[in-house]
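For what it's worth, the numbering used here labels the leading residue of the sequence shown as 75, then goes sequentially. The C-beta atom is built at its ideal place from N, Cα and C for all residues, glycine as well. Working notes for the structure below.
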Amino acid sequence: MKKYVLAYDLGTSGVKGALVTPEGEVAYTATVSYPLYTADGGVAEQDPADYWQGVCAVTGAVLKKSGVTPEAVLGIAFDTMWKGIIPIDGAGNVLHRSIIWLDSRSVEEAALLNQRFGEDTFNAADYWPKLFWLRRHRPEVIEGAAMILEVNSYLKWKATGVASVDVANGFVSSFDPKLDAFYADVLDFMDIPREKFPATAASEALVGHVTEAASAELGLPAGVPVFGGTSDINAIAMGAGTAAVGGVHIYFGSSGWIGYTLAHQFRQLYHSPFDEKRDINIVSSQSIGLSFNWAVDRFYAEEKKQMGDGVFAFVDKQLEEIPAGSEGVFATPWFYGERPPLFGRAASGNFLGLGAAHDRRHMTRAVMEGVCYQLRMGAEYQEKTYGYRLPETVRVVGGGACSSLWMQMLADVLGVTVEVPAATRHAGALGTAYCALVGLGLCADMVEAGRGVRIGHVYTPNPAAAAVYDRGYAVFENIYGTLAPLFADKN
């Protein structure tokens with residue numbers, strides 16, 4: 075009987091379940107969605123029960139789709155989005171819906187933390203301001219919590235009965251003594267005992283086994299090993315094959331980032347550890363695929379209605395008719411705002427250079443070029459601020475990496491070779507599977523596992539297009555510098 079590990083990749087909109095072979099091939103996948111609850115005032119929450127029900131449902135879906143028996147599953151692991159807060163009482167009841175990364179209620183708390191600790195890095199998306207918000211506005215939740223979990227530790231607890239946070243998602247303790255002391259000071263300031271948080275485990279560590287109760291819901295045998303797992307960012311880095319020091323990946327999803335794998339040093343809050351020797355640092359973008367989808371939804375709505383997902387290949391073909399530089403049209407692709415430090419939160423979408431001869435093709439291509447320019451700004455910021463340089467070759471994963479037009483554009487704008495793995499849509503699930511494969515002893519470590527990543531496409535810079543984009547990038551920088559004070563005034 076062929077064996078698999080089952081990797082769960084949880085995002086904001088749903089969960090993907092992937093059966094992955096011991097050789098690192100993503101054999102079968104299924105997805106299940108769950109709701110997001112928003113309200114005025116920056117509320118963005120999800121019901122933890124929906125996470126667990128989604129995991130149970132996707133398990134059944136991928137097993138049914140594949141015909142694989144539950145007994146063929148060697149082990150499981152989860153990767154999850156950062157920055158969700160889930161308080162649990164002593165009887166195992168959830169005391170508050172998961173406050174996720176999109177929630178922005180804790181702006182005041184972030185400012186207080188920055189003021190107290192002389193930082194300028196806390197923001198409302200983070201764990202710590204969210205905890206502080208609960209302490210200040212829902213003190214009964216903090217007082218009544220026997221455990222305060224995040225999404226990954228919640229799911230492991232549901233599966234095994236053991237509360238354990240993986241090293242990437244940990245946010246109140248660290249193997250780094252300086253950072254551990256800093257976390258202790260933050261918790262003291264917020265008056266939240268560290269004892270309410272679970273112990274930290276390595277991503278490949280065996281944290282427990284599927285319980286009889288969880289078995290009945292999951293449809294997997296009791297006793298299946300459950301491993302530490304990781305965050306979505308780390309999983310994607312591992313699944314891209316960039317877990318070795320010096321590796322760089324770019325994620326083209328709804329949001330996105332450039333991720334640099336670094337030798338560990340005393341790290342900022344936003345360096346996520348793989349282990350005691352390696353961290354990953356990112357410079358992020360609020361909206362990569364979201365901006366492109368915004369353009370498609372407005373300029374190609376009829377075609378999308380008729381073609382469904384086939385519209386994206388149609389749009390690529392249309393945009394090939396427009397030369398590099400979009401014949402003078404520029405777009406600032408911040409239709410959903412943007413994140414510091416590079417861009418202010420008040421940044422918004424704009425088009426410049428439009429003339430009577432331009433049409434939807436120019437505007438859509440300009441959005442795609444604007445995303446690439448923004449990523450170049452991020453790369454240059456990282457180099458100037460921290461000394462992190464892009465290597466000659468970077469790996470790009472995510473749905474946007476399926477566009478040959480966009481990947482060639484990215485290679486031309488950044489001046490690097492772009493490699494797109496064959497399993498680009500499943501990089502997160504593949505990286506999560508590596509946690510289980512290493513934990514089971516089927517791979518030596520995450521770096522070795524990543525050496526098996528197959529490359530599907532390679533894009534090298536086109537000198538003529540790169541020259542056009544160098545000139546365009548200078549204009550784009552000037553556009554942002556000019557508009558930045560106007561964004562602030564508007565806000």
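Rounded C-alpha distance that separates residue i from residue j
| i | j | result |
| --- | --- | --- |
| Asn355 | Thr335 | 7 Å |
| Asn197 | Asp486 | 33 Å |
| Glu183 | Arg210 | 9 Å |
| Gly546 | Gln120 | 41 Å |
| Phe191 | Asp265 | 15 Å |
| Val370 | Ala430 | 20 Å |
| Gly115 | Ser178 | 8 Å |
| Met312 | Gly505 | 5 Å |
| Gly141 | Asn226 | 27 Å |
| Ala518 | Ala540 | 40 Å |
| Asp171 | Leu393 | The residue you asked about is not Asp; residue 171 is Arg in the sequence shown. Taking the straight line from one Cα to the other gives about 43 Å. |
| Ala135 | Leu84 | 15 Å |
| Val492 | Ala219 | 47 Å |
| Tyr374 | Val385 | 8 Å |
| Gly461 | Phe366 | 30 Å |
| Pro413 | Gly297 | Checking the sequence, you will find Arg at residue 413 rather than Pro. Taking the straight line from one Cα to the other gives about 43 Å. |
| His500 | Glu376 | 29 Å |
| Thr133 | Leu292 | 7 Å |
| Glu214 | Asp259 | 22 Å |
| Leu229 | Trp126 | 7 Å |
| Leu479 | Ala113 | 38 Å |
| Gly333 | Lys391 | 30 Å |
| Gly235 | Leu176 | 28 Å |
| Ile160 | Glu457 | 36 Å |
| Arg212 | Ala420 | 29 Å |
| Pro144 | Pro559 | 58 Å |
Short Cβ contact (8 Å threshold) for residue i with residue j
| i | j | result |
| --- | --- | --- |
| Gly98 | Leu80 | no |
| Gly382 | Gly473 | no |
| Phe550 | Phe404 | yes |
| Ala275 | Val281 | yes |
| Ser238 | Cys509 | no |
| Tyr78 | Leu169 | no |
| Val512 | Ala523 | yes |
| Ala288 | Ala233 | yes |
| Leu416 | Met451 | yes |
| Leu187 | Pro203 | yes |
| Val117 | Gly88 | no |
| Ser477 | Arg439 | no |
| Tyr543 | Ala398 | yes |
| Lys157 | Asp194 | no |
| Ser329 | Leu294 | no |
| Met75 | Ala146 | yes |
| Leu484 | Val470 | yes |
| Ser361 | Phe301 | no |
| Lys139 | Tyr102 | yes |
| Phe152 | Gly303 | yes |
| Ala317 | Met520 | yes |
| Leu150 | Tyr108 | The sequence given here has Ile at residue 150, not Leu. Result no, Cβ atoms of Ile150 and Tyr108 do not sit closer than 8 Å. |
| Arg372 | Ile396 | no |
| Ala538 | Leu488 | no |
Counterpart residues of residue i in DSSP-defined beta bridges
| i | result |
| --- | --- |
| Ala405 | Phe425 |
| Thr274 | Val239 |
| Gly333 | His323, Ile356 |
| Tyr111 | Glu119 |
| Ile61 | Any answer about residue 61 is impossible in this case: the structure gives the chain only from 75 up to 565. |
| Tyr78 | Val147 |
| Lys90 | Asp83, Thr105 |
| Gly411 | Phe409 |
| Pro559 | Pro559 pairs with nothing; no bridge assigned. |
| Tyr201 | DSSP, once it has assigned bridges, lists no residue as partnering Tyr201. |
| Ser305 | Thr154 |
Nonlocal neighbours in the same chain, by C-beta distance under 7 Å from residue i, ignoring five residues either side
| i | result |
| --- | --- |
| Val246 | Tyr257, Leu261, Arg268, Phe271 |
| Ser346 | Ala242, Ser305, Ile307, Asn308, Asp353, Ile354 |
| Tyr475 | Rather than Tyr, the amino acid found at residue 475 in this sequence is Ala. Closer than 7 Å at Cβ, skipping near neighbours: Phe326, Met481, Val494, Thr498. |
| Phe388 | Glu377, Met381 |
| Ala131 | Val106 |
| Leu428 | Val403 |
| Val100 | Ala92, Val94, Ala497, His500, Ala503, Leu504 |
| Tyr455 | Val357, Leu416 |
Same chain, Cβ closer than 6 Å to residue i, five either side skipped, listed in chain order
| i | result |
| --- | --- |
| Gly321 | Thr335 |
| Asn424 | Thr406 |
| Val527 | Gly315, Pro495 |
| Ala507 | Val79, Ala81, Val94 |
beta-carbon residue i near the ligand MG non-hydrogen atom, thresh 7 Å
| i | result |
| --- | --- |
| Ser227 | Judged by which ligands are present, the structure shown has none, so any question about the ligand MG falls away. |
8 Å Cβ shell around residue i - same chain, five flanking residues per side excluded
| i | result |
| --- | --- |
| Val490 | Leu464, Pro465, Glu466, Thr467, Val468, Pro535 |
| Asp254 | Ser247, Ser248 |
CB-CB length for residue i against residue j, believed under 8 Å
| i | j | result |
| --- | --- | --- |
| Ile174 | Thr86 | 7 Å |
| Ile310 | Leu449 | In fact, because the Cβ distance is near 15 Å, the residues do not count as touching under 8 Å. |
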